[in-house]
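*Asks:*
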Amino acid sequence: MGTHRRAGEQCGDRALHCPCRPGGAGFRDLPAHHGCEPDGPVPDDAGRSALAARTRCRQRREHLFDGGARRHRQLDRLCRVQGSSQQPHADLGPCAGARGTSERGGTRLHRQRLAVEGRRRRALRRPDGSADRGNAVAACRNARRRRRSGGLGRPVGASPDRRAGARRRRTPSGTRLCRGSERTESGLTIELQNAPPAAPASTPALERLAQQARHELALFDYPPREWVPPRSRDGEQVLDVVIAGGGQNGVAAASGLQQARVPNVLVLDENPEGREGPWVTYARMITLRTIKTLPGPALKVPALAFQSWYEAQHGAAAWEALVRIPKQMWMAYLGWLRRTLSIPTLSEARLELIEPADGLLRLTVRTPAGTRQFLTRKVVLATGSTGAGGRNIPAFVEQKLPRDRWAHSAEDIDFAALAGKDVAVLGAGASAFDNAATALEAGAARVDLYMRRAALPEMNSARFMEFEGLYRHFADMDSLTRWRFMRKIFASPMPPPPDTFLRTTAFANFHLHFASAWDDVGLRADGRIELSTPSGMHQADFAILGTGFAADLSRRAELAAVLPHVAMWRDRFAPPPGEASPAIGRFPFLGAGFELTERTPGTCPEVADIHMFNGAALPSMGPIGLGINGMAHGTERLVRGITRDFYLQDAERFCAEFLAYDVPEARLVPAPSAMPSPSPT
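Here it is, written out as structure tokens:
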């Protein structure tokens, strides 16, 4: 691992954990590196990190994500105008840090930004090679106006249509997206956002790609024999698998079961069609946080990959220019997958109860047309982050504040109603920062983010877990080793991504409070919220809780009938002295295929037919039950567990059929009686 260097210098080791990599070392050195004095007192070296949001020359931070010396000099001039006396990189010579980053290639992110800028400049040239300076000047002038307006490239109150129009310019080759020039103080965010819009649900290019995907699936469709016999009970059809949750995990699970020739599968989702999962509801980031090349729900079928879907519409050059995947585009891709694979999905159908039914499971499902019941052999709960329990909400908030004065970050929030209001956000994770940024972009007068930590985390220990061996075999380790992995994960909170952090600090009305957990809340006589913290009393008009999710299966109503029979980690494992963790102990103890296990063997064997392909799987299965990174491995393990049970349940029947098998092969040599007689000589 490379040693820590200044942000402008390049480390020889650009591994994921390298401090010189954006996001690798965190934010502690931002104020000190730029020679800026923070506006408020700094408690200690670690506490200086997030006060970068309040420095008087925050614009200079852009050079962390820009490798050009020209841009560096522009920022120097800007900071001198604002009164900063100390020059950056004074010990390295003028602009040495920027030159070093540029000449040595910088990090991958630097090079991507420079490549995008180069393509933008080439697009502005006329066919004869001369520069179309009019278009370039207009594009940069519009970008400067948007930067001065604050927010993500538009004045507060501007319509989305106006904002969308502002992102486009005329070039000799037609209307193109202006990528390189439209940046705000948030640096990365606008570049990531300026991707081609998601295509309509169906285009000729996507139809051709869907045909190619079906062709690729057919190439490996062997053996073609249907092996899972249909079942019924008392005239009622029995489904093989019901998947609760139509988001990315639900799509991946259904696709994997199709490829394993499990035919009788139904997906339920409580949302209307096109709103499955978090991407267009409570996910308030601009792009996915993962790299764009992960296989995800494509399950390693090339034509089903996001890259294939993207290039079919926008071309290979646009794919090379894309840094991260916009969340709306990911949602459109998941919808295309669902249609291409013909996954049977019942929308606006909420699973309310799972009951044992003599070797099967009876499901009660609420739909707009009324309550329905299904019989099934297996249930897969692909219910995302909330699958382990529910939203983590401090009890005193629920007890002391009216329900219309606060919301959890995973709920629908009317951000337009927060324009001109003071908003308090509790939490230190990416979701808390996403919601703070969304409120700022909606025109909130002031946003204060409170956290109990004394500084922002500087290490994402989950990065270590991103390798093939762990994805495949975490679940095969003994309980003690898995427990120790989880204790490290739970004790090492993840920092917000750099672009998410900068998305908030681009606003002067954003304020960060360290060591300021909420001790109590109340409602003042004037109707404002009053917050009691170790740093003093504060006020707000609305509160957002970015407090994550709690592991507590008693909060999952659909499991109420079987919960007394479900084994938790605390029931199956006693940690060594000094290694206790009540938080881990509350998670269910799962089997090898994500299935629940019985607390007392033999009391309710049907619990093993409920598979937790969601956040509840983390201690048992590792990071393959939630998120895109390990999705392909998680789906493979889930499908193997389900098909194993199906085959073993019918093993005696298969054996009997084999013993009675008497189908002759086609004759290769005619029978003697059918052979022609020898001709006389």
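Every position in the sequence shown, counted from 1, becomes a number in this note's numbering once 484 is added.
Beta carbons are placed, not taken as given, at the ideal position from N, Cα and C, and that holds for glycine.
Hey, how far is the Cα of Glu-1090 from the Cα of Lys-776?
*Replies:* Counted from its first residue, the sequence shown places residue 1090 at position 606. Counted from its first residue, the sequence shown places residue 776 at position 292. Glu-1090 and Lys-776 have their C-alpha atoms roughly 39 Å apart.
*Asks:* Do the region 788-807 and the region 835-855 make contact, defined as three or more Cβ pairs closer than 8 Å?
*Replies:* no
*Asks:* Between the beta-carbon of Ser-1000 and the beta-carbon of Met-935, is there less than 8 Å?
*Replies:* Taking the first residue of the sequence shown as 1, we reach residue 1000 at position 516. Taking the first residue of the sequence shown as 1, we reach residue 935 at position 451. Judged by their CB atoms, Ser-1000 and Met-935 are nearer to each other than the 8 Å cut-off.
*Asks:* I need the DSSP call for Ile-674, collapsed to helix, strand or coil.
*Replies:* In the sequence shown, the residue the question calls residue 674 occupies position 190. Residue placement at Ile-674 is poorly supported in this model, since its pLDDT is 31, which falls under 50; the coordinates still yield a value, given next. Three-state DSSP puts Ile-674 in a helix.
*Asks:* Report the three-state DSSP secondary structure of Trp-1053 (helix, strand or coil).
*Replies:* Translated into positions along the sequence shown, residue 1053 becomes position 569. Three-state DSSP puts Trp-1053 in a helix.
*Asks:* Looking at the strands, I want to know which residues DSSP matches up with Met-1021.
*Replies:* For the purposes of this step, residue 1021 is taken as residue 537 along the sequence shown, with counting starting at 1. DSSP lists Ser-1016 as partners of Met-1021.
*Asks:* Along the chain, which unbroken stretches of the beta strand (DSSP E) at least 3 residues long are found entirely within the region 946-1011?
*Replies:* 994-997 and 1004-1007
*Asks:* Excluding the five sequence neighbours on either side, which residues of its own chain have a C-beta within less than 7 Å of the C-beta of Trp-711, listed in chain order?
*Replies:* Start at 1 with the first residue of the sequence shown, and residue 711 comes out as number 227. Cβ neighbours of Trp-711 beyond the five flanking positions: Arg-745.
*Asks:* Taking a contact to mean a Cβ-Cβ separation below 8 Å, would you say Arg-808 touches Val-735 in this structure?
*Replies:* By 1-based counting over the sequence shown, the position of residue 808 is 324. By 1-based counting over the sequence shown, the position of residue 735 is 251. Cβ distance not < 8 Å, so Arg-808 and Val-735 don't count as in contact.
*Asks:* Checking the sheet assignment: what are the DSSP bridge partners for Trp-890?
*Replies:* As a position in the sequence shown, residue 890 is number 406, starting the count at 1. The partner list for Trp-890 (beta bridge, DSSP) reads Ala-1027.
*Asks:* Cutting at 8 Å between CB atoms, please list the residues of its own chain near Gly-1077, excluding the five before and the five after it.
*Replies:* The sequence position of residue 1077 within the sequence shown is 593, counting from 1. Once the five neighbours on either side are set aside, the close Cβ partners of Gly-1077 are His-1095, Arg-1121, Leu-1122, Arg-1124, Gly-1125, Ile-1126, Arg-1128 and Asp-1129.
*Asks:* In terms of residues, what are the limits of the beta strand (DSSP E) holding Thr-851?
*Replies:* As a working note, residue 851 is residue 367 in the sequence shown. Per DSSP, Thr-851 belongs to the beta strand (DSSP E) from 844-851.
*Asks:* Going by C-alpha distance, which of Cys-1139, Ala-738 and Phe-858 is nearest Gly-719?
*Replies:* On the sequence shown, residue 719 is found 235 positions in, with the first residue counted as 1. It is Phe-858.
*Asks:* According to DSSP, is Val-751 part of a helix, a strand, or is it coil?
*Replies:* Here residue 751 refers to the residue found at position 267 when the sequence shown is read from its first residue. Here Val-751 sits in strand by DSSP.
*Asks:* How about the region 863-877 and the region 954-969: do they share at least three Cβ pairs that are nearer than 8 Å?
*Replies:* no
*Asks:* How would you label Leu-752, buried or exposed, when you count the other beta carbons within 10 angstroms and need 16 or more for buried?
*Replies:* As a first step, residue 752 must be located in the sequence shown, where it is residue number 268. Classification of Leu-752: buried, given that the 10 Å Cβ count is 16 or more.
*Asks:* Within the continuous beta strand (DSSP E) that includes Pro-840, where are the two ends?
*Replies:* Here the question's residue 840 lines up with position 356 in the sequence shown. 834-841 is the extent of the beta strand (DSSP E) around Pro-840.
*Asks:* Return yes when at least one heavy atom of the ligand ATP lies under 7 Å from the C-beta of Ala-841, else no.
*Replies:* This structure simply doesn't include the ligand ATP, nor any ligand for that matter.
*Asks:* Is it buried or exposed, Val-1046, if we count other Cβ atoms within 10 angstroms and call 16 or more buried?
*Replies:* Here the question's residue 1046 lines up with position 562 in the sequence shown. Result: buried.
*Asks:* For chain D, is any of its Cβ atoms less than 8 Å away from the one on Asp-983?
*Replies:* Although the question refers to chain D, the structure presented lacks it and comprises just one protein chain.
*Asks:* DSSP state of Arg-1124, grouped into three classes?
*Replies:* On the sequence shown, position 640 is the one that residue 1124 refers to. Helix, per DSSP.
*Asks:* Closer than 7 Å by C-beta to Ala-689: which residues in its own chain qualify, once you throw out the five before and the five after it? Chain order, please.
*Replies:* What you label residue 689 is simply residue 205 of the sequence shown in a count that begins at 1. A distance below 7 Å between beta-carbons, with the five flanking residues on each side excluded, links Ala-689 to the following residues of its chain, in chain order: Ala-796 and Gln-797.
*Asks:* Which term fits Ala-920, buried or exposed, when burial requires 16 or more other beta carbons within 10 angstroms of its beta carbon?
*Replies:* Position 436 of the sequence shown holds residue 920. Answer is buried; the Cβ neighbour count reaches 16.
*Asks:* Within its chain, find whatever has a CB closer than 8 Å to the CB of Gly-740; leave out the 5 residues flanking it on each side and keep chain order.
*Replies:* Start at 1 with the first residue of the sequence shown, and residue 740 comes out as number 256. Leu-783, Thr-1119, Glu-1120, Leu-1122 and Val-1123.
*Asks:* Quickly, what does DSSP pair Glu-700 with across the bridge? List them, please.
*Replies:* Within the sequence shown, residue 700 is the residue found at index 216, counting from 1. DSSP, once it has assigned bridges, lists no residue as partnering Glu-700.
*Asks:* Specify whether the region 758-778 and the region 846-854 touch according to this definition: at least 3 beta carbon pairs, one from each stretch, less than 8 Å apart.
*Replies:* no
*Asks:* Under 8 Å between the Cβ atoms of Ala-908 and Ala-1027?
*Replies:* For the purposes of this step, residue 908 is taken as residue 424 along the sequence shown, with counting starting at 1. For the purposes of this step, residue 1027 is taken as residue 543 along the sequence shown, with counting starting at 1. Between Ala-908 and Ala-1027, the CB-CB gap stays under 8 Å.
*Asks:* Since I believe Pro-1072 is in contact with Leu-1037 (beta carbons under 8 Å), could you give me their beta-carbon distance rounded to a whole number of angstroms?
*Replies:* For this step, residue 1037 is matched to residue 553 along the sequence shown. For this step, residue 1072 is matched to residue 588 along the sequence shown. With 8 Å as the limit, Leu-1037 and Pro-1072 qualify as a contact, their Cβ atoms being about 6 Å apart.
*Asks:* With distances taken between CB atoms, is the gap from Ser-893 to Ala-912 smaller than 8 Å?
*Replies:* Locating residue 893 in the sequence shown gives position 409, counting from the first residue. Locating residue 912 in the sequence shown gives position 428, counting from the first residue. No. Outside cutoff.
*Asks:* Are the Cβ atoms of Pro-878 and Trp-967 separated by less than 8 Å?
*Replies:* Working through the sequence shown from its first residue, we reach residue 878 at position 394. Working through the sequence shown from its first residue, we reach residue 967 at position 483. Result no, Cβ atoms of Pro-878 and Trp-967 do not sit closer than 8 Å.
*Asks:* To which residues of the same chain is Glu-1149 closer than 8 Å at the C-beta, ignoring the five residues directly before and after it?
*Replies:* As a working note, residue 1149 is residue 665 in the sequence shown. Cβ within range, chain order: n/a, list empty.
*Asks:* State buried or exposed for Met-815, treating a residue as buried only when at least 16 other CB atoms are found within 10 Å of its CB.
*Replies:* If you number the sequence shown from 1, residue 815 lands on position 331. By the 10 Å Cβ count, Met-815 comes out buried.
*Asks:* By the three-class DSSP mapping on this structure, what secondary structure does Phe-1033 have?
*Replies:* Looking up residue 1033 in the sequence shown gives position 549. Judged by DSSP in its simplified three-state form, Phe-1033 adopts strand.
*Asks:* Return the bridge partner residues of Gly-873 from the DSSP annotation.
*Replies:* Here the question's residue 873 lines up with position 389 in the sequence shown. For Gly-873, which the question treats as bridged, DSSP gives the partners Ala-1035.
*Asks:* Could you check what DSSP says for Phe-511 in three-state terms: helix, strand or coil?
*Replies:* Counted from its first residue, the sequence shown places residue 511 at position 27. Model confidence at Phe-511 stands at a pLDDT of 37, short of 50, so the residue's coordinates are unreliable; what they give is reported in the following sentence. Correct three-state label for Phe-511: coil.
*Asks:* Measure from the alpha carbon of Pro-781 to the alpha carbon of each residue in Phe-790, Lys-884 and Thr-774, then state which is nearest.
*Replies:* The sequence position of residue 781 within the sequence shown is 297, counting from 1. Measuring from the Cα of Pro-781, the nearest candidate turns out to be Phe-790.
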